[in-house]
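Written out below as structure tokens is the structure these notes cover.
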Amino acid sequence: MTLWLATGCVLVAAGLVALLLHPSLMRKLLGFNVMGGGVFLVLLAVAPRAAGGSADPVAQALLLTGIVIAVAATALGLLLARRYRAATGRSELPDDEAAGTDD
Amino acid sequence: MTESSLLPLGALVSSLAAGVVIFFLGEASVRLRTALNLAGAFVKLGIVGRMLWGVFHGATYELRLPLLPDNDLLLRADTLAMLFVSLSAGLWLLTTIYAIAYLEGAPHRSRFFGFFSLCVTATVGIALAGNLLSFFVFYELLTLSTYPLVVHRGTPKALAAGGRYLAYTFSGGAALLAGIVWLQSLVGPVEFTHGGVASIVPAAKRWLLVPIFALLVAGLGVKAALVPLHGWLPQAMVAPAPVSALLHAVAVVKAGAFGIVRIVYDVYGIEFAQDLALLAPLAVAASLTIVYGSLRALAQDDLKRRLAYSTVSQVSYIVLGVALFGPVGSIGGLVHLVHQGIMKITLFFCAGNYAETLGMHRVSAMNGVGRRMPWTTAAFTIGVLGMIGIPPVAGFVSKWYLGLGALAAGMPWVLAVLLISSLLNAAYFLPILRTAWFDPPPSHWPEEHLASRGVWETHPWLLIPTLAAGASALVFGLAAGIGLSPLEWARLIVAREYLR
Amino acid sequence: MTELLPLAVLLPLGLGVTAFVVPERGARALAAPGWLAVTALVAALAQRAPWPQRYALGQWPAPLGIALHADALAVALLVLACAVYAAVLAFATAYFARGARDAALFWPLAWLLWAALNAAVLSADFFNLYVALELLTFAAVGLAALSGRPAALAAALRYLLAALVGSNVFLLAVALAYGATGVLALEALAIRLQDAPYAALAIALAVAALALKTALVPLHFWLPPAHGGASTPVSALLSALVIKASFVIVLRLWLLAAPRLDLAALGQALAVLGAAAIVWGSVQALLQRKLKMLVAYSTVAQIGYLFVPFAWLAPGHPAAALALEASVLQLLAHGVAKAAMFLAAGTLVLAAGRDDLGALRGAAARAPMAIFAFGLAGASLIGVPPTAGFAAKWQLLQAAATSGQWAWVAVLLAGGLLAAGYVFRVLKLAFLPAAEATAVPPVTSTLSLVALLLALVATAGGLFTVPLLDALRIGTLAWRGP
Chain A
204 MTLWLATGCV
214 LVAAGLVALL
224 LHPSLMRKLL
234 GFNVMGGGVF
244 LVLLAVAPRA
254 AGGSADPVAQ
264 ALLLTGIVIA
274 VAATALGLLL
284 ARRYRAATGR
294 SELPDDEAAG
304 TDD
Chain B
444 MTESSLLPLG
454 ALVSSLAAGV
464 VIFFLGEASV
474 RLRTALNLAG
484 AFVKLGIVGR
494 MLWGVFHGAT
504 YELRLPLLPD
514 NDLLLRADTL
524 AMLFVSLSAG
534 LWLLTTIYAI
544 AYLEGAPHRS
554 RFFGFFSLCV
564 TATVGIALAG
574 NLLSFFVFYE
584 LLTLSTYPLV
594 VHRGTPKALA
604 AGGRYLAYTF
614 SGGAALLAGI
624 VWLQSLVGPV
634 EFTHGGVASI
644 VPAAKRWLLV
654 PIFALLVAGL
664 GVKAALVPLH
674 GWLPQAMVAP
684 APVSALLHAV
694 AVVKAGAFGI
704 VRIVYDVYGI
714 EFAQDLALLA
724 PLAVAASLTI
734 VYGSLRALAQ
744 DDLKRRLAYS
754 TVSQVSYIVL
764 GVALFGPVGS
774 IGGLVHLVHQ
784 GIMKITLFFC
794 AGNYAETLGM
804 HRVSAMNGVG
814 RRMPWTTAAF
824 TIGVLGMIGI
834 PPVAGFVSKW
844 YLGLGALAAG
854 MPWVLAVLLI
864 SSLLNAAYFL
874 PILRTAWFDP
884 PPSHWPEEHL
894 ASRGVWETHP
904 WLLIPTLAAG
914 ASALVFGLAA
924 GIGLSPLEWA
934 RLIVAREYLR
Chain C
46 MTELLPLAVL
56 LPLGLGVTAF
66 VVPERGARAL
76 AAPGWLAVTA
86 LVAALAQRAP
96 WPQRYALGQW
106 PAPLGIALHA
116 DALAVALLVL
126 ACAVYAAVLA
136 FATAYFARGA
146 RDAALFWPLA
156 WLLWAALNAA
166 VLSADFFNLY
176 VALELLTFAA
186 VGLAALSGRP
196 AALAAALRYL
206 LAALVGSNVF
216 LLAVALAYGA
226 TGVLALEALA
236 IRLQDAPYAA
246 LAIALAVAAL
256 ALKTALVPLH
266 FWLPPAHGGA
276 STPVSALLSA
286 LVIKASFVIV
296 LRLWLLAAPR
306 LDLAALGQAL
316 AVLGAAAIVW
326 GSVQALLQRK
336 LKMLVAYSTV
346 AQIGYLFVPF
356 AWLAPGHPAA
366 ALALEASVLQ
376 LLAHGVAKAA
386 MFLAAGTLVL
396 AAGRDDLGAL
406 RGAAARAPMA
416 IFAFGLAGAS
426 LIGVPPTAGF
436 AAKWQLLQAA
446 ATSGQWAWVA
456 VLLAGGLLAA
466 GYVFRVLKLA
476 FLPAAEATAV
486 PPVTSTLSLV
496 ALLLALVATA
506 GGLFTVPLLD
516 ALRIGTLAWR
526 GP
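Which chain is which? The protein sequence lines are A, B and C, in order. According to my numbering, the first sequence is numbered sequentially starting from 204. According to my numbering, the second sequence is numbered sequentially starting from 444. According to my numbering, the third sequence is numbered sequentially starting from 46.
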């Protein structure tokens, strides 16, 4: 259990760092997924055990929902990234944050 | 809703409704706009007259609406309120007539008169406010509704003046709000009551009332043009003459002074303020403003700017009167609220007439104007005599009472201030009279816009309000002790305030 | 009739799906009847006394089942959503050209956003909150990317990534909370928090994640490009409603957790960050050269006002009730005022043809209604009486004064002055004569009117503070237990 917890924490940290620091959009999305995986591990690690030693059903339900959401989020992110690349030819976000488009 | 609560509401709504409708009128609907303006002004004057009569006979008019938890919106017509609101209603009518003629053919008139009406609505609200929160609400609304009037012409100078105006007045508003919040944290929601509510603060915390007073007076002092918070006023002269007339005779500056009167009489109570030794510093601040304003006025060549500094100086007479402990000084200050309004509006109307008819803005160019525009210059003369304090114009009455009040309050140095101020007023006003009447006119005027037509030296609607205001200044001085003159009303206020 | 509760989510959801399937004309026609239906539903919900009302989905009771929970806070946001959506839907009908691709995507996403909003405020289950927040994020990101321009796409991507970080941290908080207490239903969770080993960590993580989603300084970096660069109706929805939903969740967690955990330090930290937001956001707004970016930074500043009350939101604190009222009032006031401001700003940009502040010269003559709407909305943001914004500011000032903490008073007053600075920066330009003559497109008068009406609601709202607070029965949010 502690192994899972530790691994989960490491994955969360790694994913977060990747998301924050890597300029490439793909890497950021991958970082998000790694972070998500770490959170799922933590969830499994801390969830109370059901009677009989089997895994907690609620935790499983949460986890499945979480995976679905992560998939959807990744899909949305990839779609946007693809559109962005088609529009600008870049796969990294610009540093300058001023948007200011005309309406 | 009984009649007693409908009347204060009506006083507000008469100009509010007119203003809202006027916003939507096209530029070309001159007749409709004029009709609405005048209708609103007359209705308001009627309602105010009715309330004046009622209050004289002891009736109370009150309107209370819940606004915030524990803090109602309260409009109450007491004697002090009636003093200010009558001045506002009467002068609004005159200024409306004047403005209609002054802005003939000018752009954006619907916008102007819309905000003009809102401005008067806010002023009436300030006059009738029955508690600190209601006062603050209308005080800030006054700021917002006067800004578009100051920047009306859209020139860079106008916008700079407007920006400065906002910087000063919003900062003043913040100081006022801070003072209100602080005071109400000590005594709860503050309604204006004779004798004030501040005395319920326990003795251990009384020292806090001093910085609170400073905050409140500073916040109000911005609008009342107390030195050194007066910086916005001379710049704001870039606005059209009706705006300068309204701002300086009725709305903004008087609102600040009126607020200080309310604070001293109905929040702190005059005796309590004296106990806290707040009155003497207030008198000193007022005196400094009186002298400083007059000194700066000497140096101005632009007529409106000279009048602006004169306003800075003269409005502090009201504050001075309030700071003189004793009924006589108070009468002087209160009656000057009305007298200064009438006299100053006369002077500004004259300045507007000169500018609009002859393109004349500078004092140095006023030689011989008395020959070309005798009626206007006659009114100007009356106004000037009143400012200096020469009988029988109304200004003399106020100065007389202030002088007596100073002696009664044991502050004889104030007499020196009054004397110096009168001398300075003479110094910067009498030469104008001399050039206007006795110097030969120039061969041609800078820009003659309106030629004389027979007996009308300028547009009739520009002349009539000027003459009406000048005549009132004379009448209020001559008939000071009669009937419902401002002096009698001021005496009534003090009688009900001091001798309960 | 607590069965109405799930309908509050299902109805907009159904409308969104329908709007996706039918052609754009049909979706556009759906706007008015759809809004009426949802508003009628919310009105019916708001009538039911007493609060809170509870409903268990599928009749499975908590802690296993998912419960929906309508209390004063939820109803406040539901009503706000109805008001803002009325204006935004009306605006969008006139704004989007018929049959445009933007419009075809706007309608379904707008309904889905509403469904997600309602789900977020009605959820009484910790994990359900996570799901609702995700739905909200997806709809909001989709809306932000609507116009398809590169800048909008970049902003949407940044928004998505920031929101995803927040989501994961929130999920981590849910995991820890579940591990510590064994339940997910919020009320049951609260009871068990006291003895839970890492309960404080879970709450802190959840609050941090929600602060990121609400764009509290210094986690606000994603907001200005996203809100400032989106289409106008979208900006209004994002600034007025989306960030309020995550804030409502913070408030709800706080109200449940604060009696049992010592959150004083966290509260002070949030309040200090709020003060920093007020100053930083206002200063940045003063420096902007584009109108919608100015309004977006104004949102950053106003979010600070939402968080300042946390300095006094502790059970037993004398100013706690005032602070709570202030939060709710600011929520409502800013929602309405900011939506009005964005709609007015969008109208002005449309009339001028560009977003540059310089294009606003002469707008007072060209688009007087829009400028007036902008001014009125600005008055509420500055906190001029009698606007709704003033009512919120007043309660905040009272709370600060009651606690004797005058530094907050100074911050609040300074915030008002700074807001006056950037609002009048815009108004001042409007009074200047126009640089060149521009023709105003005819559709702008409808747009201005909608903005003006919403701004009037914000302006007059302060007059209805007392009945509003009574109707919402904020007192029912009082602390339960020791």
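Glycine is no exception: its CB is placed at the ideal position from the N, C-alpha and C atoms.
- Around A284 (chain A), the beta-carbon contacts reaching into chain C at under 7 Å are L202.
- Taking 8 Å as the CB threshold, F172 (chain C) lines the interface with chain A.
- The beta carbon of I761 (chain B) is closer than 6 Å to those of A700, G776, H779 and L780 in its chain, skipping five residues each way along the sequence.
- With a cut-off of 8 Å on Cβ pairs, the segment 86–105 of chain C is not in contact with the segment 455–475 of chain C, counting fewer than three such pairs.
- The alpha-carbon of T277 (chain C) is positioned some 15 Å away from that of S490 (chain C).
- Within the same chain, and ignoring the five residues on either side of G274 (chain C) in sequence, the residues whose Cβ sits closer than 7 Å to its Cβ are A196, A197 and A200.
- For P195 (chain C), the nearest CB of chain A lies under 8 Å from its own CB, placing it at the interface with that chain.
- Using a C-beta cut-off of 8 Å, the segment 244–264 of chain A makes contact with the segment 201–221 of chain C, since at least three inter-stretch Cβ pairs fall below that distance.
- Just measuring C-alpha positions, the residue of B:G826, B:A728 and B:V681 sitting nearest G764 (chain B) is B:A728.
- With contacts defined by Cβ atoms closer than 8 Å, T589 (chain B) and V665 (chain B) do not form a contacting pair.
- DSSP places A572 (chain B) within a strand segment (E or B) once states are collapsed to three.
- Look at A115 (chain C) here: in three-state DSSP terms it is strand.
- A Cβ-Cβ distance of about 6 Å is found for the pair L499 (chain C) and L388 (chain C), placing them in contact under the 8 Å criterion.
- Not one beta carbon of chain C lies nearer than 8 Å to the beta carbon of P226 (chain A).
- Fewer than three Cβ pairs drawn from the segment 472–479 of chain C and the segment 367–382 of chain C lie within less than 8 Å of each other, which leaves the two stretches out of contact.
- Counting along the chain, P57 (chain C) sits inside no beta strand (DSSP E); it lies in the alpha helix (DSSP H) bounded by residues L49 to V66.
- According to DSSP, residue pairing for P512 (chain B) in a beta bridge does not occur.
- For K473 (chain C), the C-beta contacts it makes with chain B under 8 Å involve V594, L602, G605 and G606, in order along the chain.
- Check the Cα spacing between Q333 (chain C) and each of C:P68, C:P430 and C:V468: the tightest is with C:V468.
- Put simply, of C:A422, C:Q450, C:V317 and C:P153 the residue whose alpha carbon is nearest the alpha carbon of G61 (chain C) is C:P153.
- Taking 4 residues as the shortest admissible run, the segment 279–345 of chain C contains the following complete alpha helix (DSSP H) segments, listed from N- to C-terminal end: 288–302 and 309–332.
- With a cutoff of 8 Å on beta-carbon distance, L255 (chain C) and S291 (chain C) are scored as near each other.
- According to DSSP, E295 (chain A) shares a beta bridge with A:S227.
- CA-to-CA, the gap between H265 (chain C) and L468 (chain B) works out to about 44 Å.
- The secondary-structure analysis by DSSP pairs R99 (chain C) across a beta bridge with C:H114.
- As a beta-bridge residue in DSSP terms, S168 (chain C) pairs with C:L113.
- Burial is judged here by how many other beta carbons sit within 10 angstroms of a residue's own beta carbon; W159 (chain C) has at least 16 and is buried.
- When DSSP states are grouped into helix, strand and coil, L725 (chain B) belongs to the helix group.
- For L281 (chain A), no chain C residue has a Cβ inside 9 Å of its Cβ, as the nearest lies near 11 Å away.
- Looking at the DSSP output, L506 (chain B) bridges to B:L518.
- Residue range P770 to L801 is occupied by the alpha helix (DSSP H) that includes K787 (chain B).
- Relative to G838 (chain B), the option among B:T789, B:G920 and B:L790 whose CA is nearest is B:G920.
- Contacts with chain C at 8 Å (Cβ-Cβ) include T268 (chain A).
- In the DSSP assignment, D240 (chain C) falls outside any alpha helix (DSSP H), carrying neither H nor E.
- Excluding residues up to 5 positions away in sequence, L468 lie with their Cβ nearer than 8 Å to the Cβ of L475 (chain B) in the same chain.
- Within the segment 231–243 of chain A, those residues whose Cβ lies closer than 7 Å to any Cβ of chain C are, in chain order, K231, F235, M238, G239 and V242.
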